[in-house]
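Written below as structure tokens is the structure these notes are about.
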Amino acid sequence: MSDSEPTVNVCHSFTTTNSGPPNLGRTITPFFVLEEKVRSIASLDPSQQRLLLTMFSRHQTVFNELPGRSDKYVHVIQMHDTTPFVRKAYPIAFSLRPEVEKVINQMLELGVIKREASPFASPMTVVRKKDGSVRICLDARWANKQMVTDCEAPRPPEDLLQSFQSIRFMSTIDLRASYWQIPLCPESTQYTAFLFNGQSYTCQVLPFGLKTAVGSFSRAMDIILGPEVRQFTVNYIDDLLIVSDSFDQHLLHLDMVLTRLRDAKLTINQWRLVYRST
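Numbering follows full-length UniProt numbering, with no gaps: position 53 of the sequence shown is 53.
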């Protein structure tokens, strides 16, 4: 894009929508689930398991069945061309319609989408996931053509691994529907509109399919985690990778990461110890 091309930064402030994020206090993952997970790790001795569980107990609200909603970062969609467009909705198989309607209602309840008029409309696509459920996606190709490119990208995991002389512990944290935890600037939601049953909906959170989503999510993690935590943590799509030289250090690192996530009102799906050097 040339310097002469106009850009539109449409965000002024962030306010929660009426549908808003859900009450996460009702959907905390039961502690016995975490306990069973930790007790099953044969590479940790009983003392290490107890220390890990004690630390997790301080952050139990982070382990949740629903996605949170960050109050530390807002995604802004910048357009170099704000000409409205309306793309014809794709047909949905009659057999899928009950499932799609159910997912649409769930997204409304979670505040992920909202009934809202917009001069823009991208097609909605329906994807069957491995577990048999359906996922609603946005075919954002037309919006992406008019969107200012964001070239930022997450740090390669290899860079983090090479910065440690020795790695004895490595964990991953899987964020719960990661992009859904990043709110959109209210003035940006119009660019994410789609039609279903003739009704217009807009995304209230960062949708998959935007060409700026990866860069924006990486920037959000930089802000939420901070430079100190970033020294031993890197994000890759939904996962955070945490590396340490010792168990005590890994316990501290995990505590710091979970504290930052909790303070930013983010939630996680699961934690896994993926490597332990003997």
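The beta carbon of each residue, even a glycine, is placed where N, CA and C say it ideally should be. All values derive from a computational prediction rather than experimental measurement.
Does T54 pass the burial test, meaning 16 or more other C-beta atoms within 10 Å, or should it be called exposed? exposed
Give the single residue among Y201, F247, F232, I237 whose Cα lies nearest to the Cα of I113. With distances taken between Cα atoms, I113 lies closest to Y201.
Span of the alpha helix (DSSP H) around F56: 46 to 57
For A193, collect the residues of the same chain with a Cβ closer than 6 Å to its Cβ; drop the 5 residues on either side in sequence, then sort them by chain order. S118, F120, A121, S200, T202
Determine the closest residue to P30 out of R128, L273, T61, with distance taken between C-alpha atoms. Per the C-alpha coordinates, the member of R128, L273, T61 positioned closest to P30 is T61.
So, at 8 Å on beta carbons, what are the nonlocal neighbours of R39 in its own chain, with the 5 sequence-adjacent residues on each side left out? Q49
Evaluate N235 with the Cβ neighbour count: other Cβ atoms within 10 Å of its Cβ, from every protein chain shown; 16 or more gives buried, anything less gives exposed. buried
Please report how far the alpha carbon of L184 lies from the alpha carbon of D45, in whole angstroms. Looking at the two C-alpha atoms, the distance is approximately 44 Å.
Within 10 Å of its beta-carbon, does R272 have 16 or more other beta-carbons around it, so buried, or fewer, so exposed? exposed
Would I224 pass as a contact of S43 if the rule is Cβ separation under 8 Å? no
Quick one: complete beta strand (DSSP E) runs, 3+ long, within the segment 173 to 228? Qualifying beta strand (DSSP E) stretches, in chain order: 194 to 196, 199 to 203.
Three-state secondary structure assigned by DSSP to R168: coil
Please determine, among T83, L195, A220, the residue with the shortest C-alpha to C-alpha distance to K145. T83
Does DSSP put Q162 in a helix, a strand or coil? In the structure shown, Q162 adopts helical secondary structure according to DSSP, grouped into three states.
Terminal residues of the alpha helix (DSSP H) in which T259 lies: 247 to 263
If V76 and S171 are in contact, beta carbons under 8 Å, what's the gap, nearest whole angstrom? Not a contact, Cβ separation roughly 32 Å.
Straight-line Cα distance separating L240 from A177: Computed Cα separation, rounded: 13 Å.
Just list the residues that DSSP pairs V126 with in beta bridges. I136
Using CA atoms only, rank isn't needed, just tell me which of S57, R26, R87, L51 is closest to L195. Ranking the options by Cα distance to L195, first place goes to R87.
Beta-carbon within less than 8 Å of S277's beta-carbon, same chain only, minus the 5 sequence neighbours each way: which residues are those? S166, I167, R168, F169
Just checking, does the segment 206 to 221 make contact with the segment 141 to 161 on the three C-beta pairs under 8 Å criterion? They touch, by the three-pair rule.
Keeping to the same chain, check which residues put their C-beta closer than 7 Å to that of C11; ignore five residues upstream and five downstream. Confidence is the limiting factor: at C11 the pLDDT is only 35, short of 50, which leaves the residue's position unreliable and the question unanswerable from this model.
What does the Cβ neighbour count give for P67, buried or exposed, with the cut at 16 atoms within 10 Å? buried
Give the C-beta separation of V134 and E99 to the nearest angstrom, bearing in mind that I take them to be a contact with Cβ-Cβ under 8 Å. 5 Å
Take the Cβ of I237 as the centre, count every other Cβ of all protein chains shown within 10 Å, and call the residue buried at 16 or more, exposed below. exposed
Should I242 and L254 be called a contact, given that it needs their Cβ atoms to be closer than 8 Å? Yes, the Cβ-Cβ distance between I242 and L254 is below 8 Å.
Is it buried or exposed for Y275, if we count other Cβ within 10 angstroms and need 16 for buried? exposed
Exposed or buried, R128, counting other C-beta atoms within 10 Å across all chains shown (16 or more means buried)? exposed
When you compare only the Cα positions, how much space is there between S95 and L160? 47 Å
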